[in-house]
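J.: With the first letter of the sequence shown counted as 1, position 100 gets the number 100 in UniProt numbering; the numbers rise by one all the way through. Glycine included, C-beta positions come from ideal geometry on N, C-alpha and C.
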Amino acid sequence: MIRKALIDDVAPIHALLKFYADKGELLARSLSNLYDHLRDFWVYEDEDTGIITGCAALAFCWEDIAEIRSVAVKQEYNGRGIGSALTERCIQEAFYFKLKTLFALTYRPEFFARFGFEITDKTNLPMVKIWAGCLDCVKFPDCDEIAMTKKL
1 MIRKALIDDV APIHALLKFY ADKGELLARS LSNLYDHLRD FWVYEDEDTG
51 IITGCAALAF CWEDIAEIRS VAVKQEYNGR GIGSALTERC IQEAFYFKLK
101 TLFALTYRPE FFARFGFEIT DKTNLPMVKI WAGCLDCVKF PDCDEIAMTK
151 KL
């Protein structure tokens with residue numbers, strides 16, 4: 001079941017993102033950041049166990065552009081379409097808000113390409129994202145994520 005994240009979901013989201021961050025496959029998010037941006041998040045909750053098995057966020061950057069970020073699925077639930085369902089939900093939400101462009105910074109461009117995202121140069125992304133979000137990143141200025149965009 002996909003639903004908007006609740007306060008009680010912050011700890012499981014944090015643990016999920018930390019797992020992939022520790023492997024170098026995703027950028028970590030602090031607890032403070034997750035509480036600040038909780039409304040951006042969707043979670044996939046296993047209906048039988050109540051366990052949060054995946055998450056994704058749609059973060060607005062400007063009036064017509066948003067980022068899909070923090071797409072993660074518990075390792076033992078990979079291959080079940082959870083990440084795809086969460087990404088689709090973020091795309092639906094972007095349409096609801098009448099956005100014109102989505103972008104992602106990713107280590108898995110093949111995943112986002114399945115949804116119509118195309119690789120682009122990071123300089124094509126909004127400066128508000130690059131200078132606000134990236135300056136706090138542990139990898140700045142040596143970012144190795146791949147920038148992708150999708151026109152809606």
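So, Tyr-35 versus Ile-2, is the Cβ gap smaller than 8 Å?
T.: The answer is no: Cβ separation not under 8 Å.
J.: With Leu-152 and Phe-115 assumed to form a contact (beta carbons below 8 Å), what rounded beta-carbon distance in angstroms separates them?
T.: Going by Cβ atoms, the distance from Leu-152 to Phe-115 rounds to 11 Å, so no, they are not a contact pair.
J.: Is the beta carbon of Ile-146 less than 8 Å from the beta carbon of Phe-103?
T.: No, the Cβ-Cβ distance between Ile-146 and Phe-103 is not below 8 Å.
J.: Scan the UniProt domain "N-acetyltransferase" (1-152) and note each continuous alpha helix (DSSP H) run of 4 residues or more that stays entirely inside, going in chain order.
T.: You should have 10-22, 31-36, 82-96, 109-113, 127-133.
J.: Here's the rule I'm using: 16 or more other beta-carbon atoms within 10 Å means buried, otherwise exposed. How should Glu-67 be labelled?
T.: Its Cβ being crowded by 16 or more others within 10 Å, Glu-67 is buried.
J.: Considering only C-alpha positions, which residue in the set Ile-7, Ala-85, Gln-92, Glu-93 is nearest to Phe-111?
T.: Taking only the C-alpha atoms, the option nearest Phe-111 is Ala-85.
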